[in-house]
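Number of protein chains: 2
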Amino acid sequence: MLHALADATRRDIVSHVLQSEHSVSALARRYPMSFAAVQKHVAILERADLVTKRRHGREQLVSGNIATVRDATALLAQLEEIWRARIDRMGEILAEPNHPNPTKENQHDREECHQG
Amino acid sequence: MLHALADATRRDIVSHVLQSEHSVSALARRYPMSFAAVQKHVAILERADLVTKRRHGREQLVSGNIATVRDATALLAQLEEIWRARIDRMGEILAEPNHPNPTKENQHDREECHQG
DNA sequence: ATAATCTACAACCGTATGGTTGTAGATACC
DNA sequence: GGTATCTACAACCATACGGTTGTAGATTAT
Numbered sequence: 097m098l099h100a101l102a103d104a105t106r107r108d109i110v111s112h113v114l115q116s117e118h119s120v121s122a123l124a125r126r127y128p129m130s131f132a133a134v135q136k137h138v139a140i141l142e143r144a145d146l147v148t149k150r151r152h153g154r155e156q157l158v159s160g161n162i163a164t165v166r167d168a169t170a171l172l173a174q175l176e177e178i179w180r181a182r183i184d185r186m187g188e189i190l191a192e193p194n195h196p197n198p199t200k201e202n203q204h205d206r207e208e209c210h211q212g
Numbered sequence: 097m098l099h100a101l102a103d104a105t106r107r108d109i110v111s112h113v114l115q116s117e118h119s120v121s122a123l124a125r126r127y128p129m130s131f132a133a134v135q136k137h138v139a140i141l142e143r144a145d146l147v148t149k150r151r152h153g154r155e156q157l158v159s160g161n162i163a164t165v166r167d168a169t170a171l172l173a174q175l176e177e178i179w180r181a182r183i184d185r186m187g188e189i190l191a192e193p194n195h196p197n198p199t200k201e202n203q204h205d206r207e208e209c210h211q212g
């Protein structure tokens, strides 16, 4: 599911179909790629249950699957929470004036990024 | 970067090396796969700047790259925020007593779109 | 019926993943 | 020096991605 969200085009599609339904061809017109490519992106999102398709005449209307997107956001928030806790803890340790191992200091805090 | 985080093993590695440094072989011992496989995971995380390696004798100690992880969590939080706003908005619309399409709330059931 | 549109699906290409094994180079230990 | 350990890297495999083109089916409009 994170994999499905790890593509900018797919995230954009999800954002749009969360606001209103769009047919696959309407979505395809928004991106500089073929219809089939967008169709595949929609299929991946559908497989991850992030969007749902609804037939309307000859069109296939795509809409965001609210429940699954909610699950995804919950998972992301959870990961973010866990990591933030760890980061905060490391910040505390580094801020301690008497922590035993100064060599553990941040490898390169940020300013000497001579090497991207 | 989301791609780098879209793998359970890699997320686990990040969690662990955020707490303390681990050599590549120490990490490899934690997972039911070969040393080379874990080495590749670490390489992917390193390419995404999520971890950093530091040489210590014959070992290569892996540690979480706090700044990039922070960026990642910020990005995730941002995505979550955008989507939550959309979701909340849809929730409001669905909660309105006079909105035109009440069947929209449970479009999860797509039994058979049969047509001949 | 014919044409135009929307969709689905298959085949193909180049590349990356996730995994394996094998080999070679450094480093530590005896 | 010899050996064990840690690492790097290459080759290989199966699968999937991201994209293309092409073809066929379904629906709408004329």
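Those sequence lines, one after another, are chains P and L. Position 46 of the first sequence, counting from 1, maps to 142 under our numbering, and the rest follow consecutively. Position 103 of the second sequence, counting from 1, maps to 199 under our numbering, and the rest follow consecutively. Even glycine gets a Cβ: it sits at the ideal position worked out from N, Cα and C. All values derive from a computational prediction rather than experimental measurement.
Could you tell me the boundaries of the beta strand (DSSP E) in which residue i lies?
{"i": "Leu190(P)", "result": "No beta strand (DSSP E) contains Leu190(P), which is instead part of the alpha helix (DSSP H) from 162 to 191."}
Mind reading off the beta-carbon distance from residue i to residue j? Whole number of angstroms is fine, and I expect it under 8 Å.
{"i": "Trp179(L)", "j": "Val165(P)", "result": "6 Å"}
{"i": "Ala100(L)", "j": "Leu141(L)", "result": "6 Å"}
{"i": "His137(L)", "j": "Ile109(L)", "result": "6 Å"}
{"i": "Ala102(L)", "j": "Ala102(P)", "result": "5 Å"}
{"i": "Met97(P)", "j": "Ala191(P)", "result": "Actually they do not touch by this definition, with Cβ atoms about 36 Å apart."}
{"i": "Ala173(P)", "j": "Glu176(L)", "result": "6 Å"}
Pull up the DSSP beta-bridge partners for residue i, would you.
{"i": "Lys149(L)", "result": "Val158(L)"}
What span of residues does the alpha helix (DSSP H) with residue i cover, start to end?
{"i": "Asp103(L)", "result": "Careful: Asp103(L) lies outside any alpha helix (DSSP H) and carries neither H nor E."}
{"i": "Ala144(L)", "result": "That residue, Ala144(L), is in no alpha helix (DSSP H); it is neither H nor E in DSSP."}
Leaving aside the five residues before and after residue i along the sequence, list all residues of the same chain whose C-beta is less than 8 Å from its C-beta, in chain order.
{"i": "Val113(P)", "result": "Leu123, Val147, Val158, Ser159, Gly160"}
{"i": "Arg206(P)", "result": "The pLDDT assigned to Arg206(P) is 33, lower than 50, so where the model puts this residue is not dependable; a value taken from the coordinates is nonetheless given after this. Excluding residues within five positions, none has a Cβ falling inside 8 Å."}
{"i": "Arg107(P)", "result": "Leu101"}
Tell me whether residue i sits in a helix, a strand or coil according to DSSP, three-state version.
{"i": "Ser116(L)", "result": "coil"}
{"i": "Ala126(P)", "result": "Inspection of the sequence shows that residue 126(P) is occupied by Arg rather than by Ala. Coil, per DSSP."}
Ordered along the chain, which non-local residues of its own chain (more than five positions away) have a Cβ less than 7 Å from that of residue i?
{"i": "Glu155(P)", "result": "Ser119"}
{"i": "Thr105(L)", "result": "Tyr127, His137"}
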